[in-house]
Amino acid sequence: MLCMTHTNSRYLHYLPLSVAVLPLVTINISYLVAVAVEHLPACIPYVSGCTTVSAAGRAVPESLIFKSGMVLSAVTLVLLWHRIAAFLQPGGKPSSRVVLIRVFSVLAALSLVVHVIALGFKGDDFRQLRRISIDGFALGNLIVQILFIALYRPMRIETTRKLYRWLVVLCIAPPALAIAMELAKWLGAPRHQTNNIGAWNAFVVVSGYYVVVARIWWRHGMAGGRAASPSE
Numbered sequence: 137m138l139c140m141t142h143t144n145s146r147y148l149h150y151l152p153l154s155v156a157v158l159p160l161v162t163i164n165i166s167y168l169v170a171v172a173v174e175h176l177p178a179c180i181p182y183v184s185g186c187t188t189v190s191a192a193g194r195a196v197p198e199s200l201i202f203k204s205g206m207v208l209s210a211v212t213l214v215l216l217w218h219r220i221a222a223f224l225q226p227g228g229k230p231s232s233r234v235v236l237i238r239v240f241s242v243l244a245a246l247s248l249v250v251h252v253i254a255l256g257f258k259g260d261d262f263r264q265l266r267r268i269s270i271d272g273f274a275l276g277n278l279i280v281q282i283l284f285i286a287l288y289r290p291m292r293i294e295t296t297r298k299l300y301r302w303l304v305v306l307c308i309a310p311p312a313l314a315i316a317m318e319l320a321k322w323l324g325a326p327r328h329q330t331n332n333i334g335a336w337n338a339f340v341v342v343s344g345y346y347v348v349v350a351r352i353w354w355r356h357g358m359a360g361g362r363a364a365s366p367s368e
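Residues in the sequence shown are numbered consecutively from 137, following this note's numbering.
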């Protein structure tokens, strides 16, 4: 049996919301600043793919916003998954899968920080480091999302069943988006623009996942903090 106080449910509600909002606000403000100082072209990158997401973090002054916002996002991500791990372990007895949530959340956060630090440096080595680190972030984040879906399933309450289905959809969406982008390139779409469109929209999808997590915790709080145990 898992219980949360109403006060704790408020905290849990705002933590995943911050994980959802911080990266989106960071990349969009950084991009707008870059456009204002004529470092990047003006467009709607979610549609046209005129620039990469990381391009908004390469030059001053926009890089100051981008790097500080992303490092803060990485810290918040680790805090969130630490709380999720506690949420998923009734009685304080962590399973191996709950431990994996903590491990891969740290991996994702560290990968994001490494990627951010490497921005602005030139050379093939730094380019390769950025590619590996962003892949590490995406993989680590996807793994913890899948683990949460698997472990939360028996804990669902009546008011979170539809939200649970949204979790599954939003977890599948990034790989599906990547496949769609590869198909588009195979059909002749410009390679760089297509990759950029996929990256910008992937941030939206991932943020949507954490919004749903926020709603789930809010529903648990409104239900008196009780979650069904697997035996019920």
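Beta carbons are placed, not taken as given, at the ideal position from N, Cα and C, and that holds for glycine.
- Excluding residues up to 5 positions away in sequence, T296 and L299 lie with their Cβ nearer than 6 Å to the Cβ of I352 in the same chain.
- Secondary structure at I315: helix, using DSSP grouped into helix, strand and coil.
- For S232, the enclosing alpha helix (DSSP H) begins and ends at S232 to A254.
- Residue state for L153 is assigned as helix, using DSSP reduced to three classes.
- Around the beta carbon of S184, fewer than 16 other beta carbons lie within 10 angstroms, which makes this residue exposed.
- A Cβ-Cβ distance of about 3 Å is found for the pair A244 and G276, placing them in contact under the 8 Å criterion.
- Secondary structure of F257 (DSSP, three-state): coil.
- Following the DSSP letters along the chain, one finds T212 inside the alpha helix (DSSP H) bounded by residues E198 to F223.
- For A178, the secondary structure class from DSSP, reduced to helix, strand or coil, is coil.
- The beta carbon of P177 sits closer than 8 Å to those of V171, C186 and T187, all from its chain and outside the five residues before and after it, given in chain order.
- For the pair Q281 and C307, the Cα-to-Cα distance works out to about 7 Å.
- Nearest Cα to A338 within the set I285, V234 and L278: L278.
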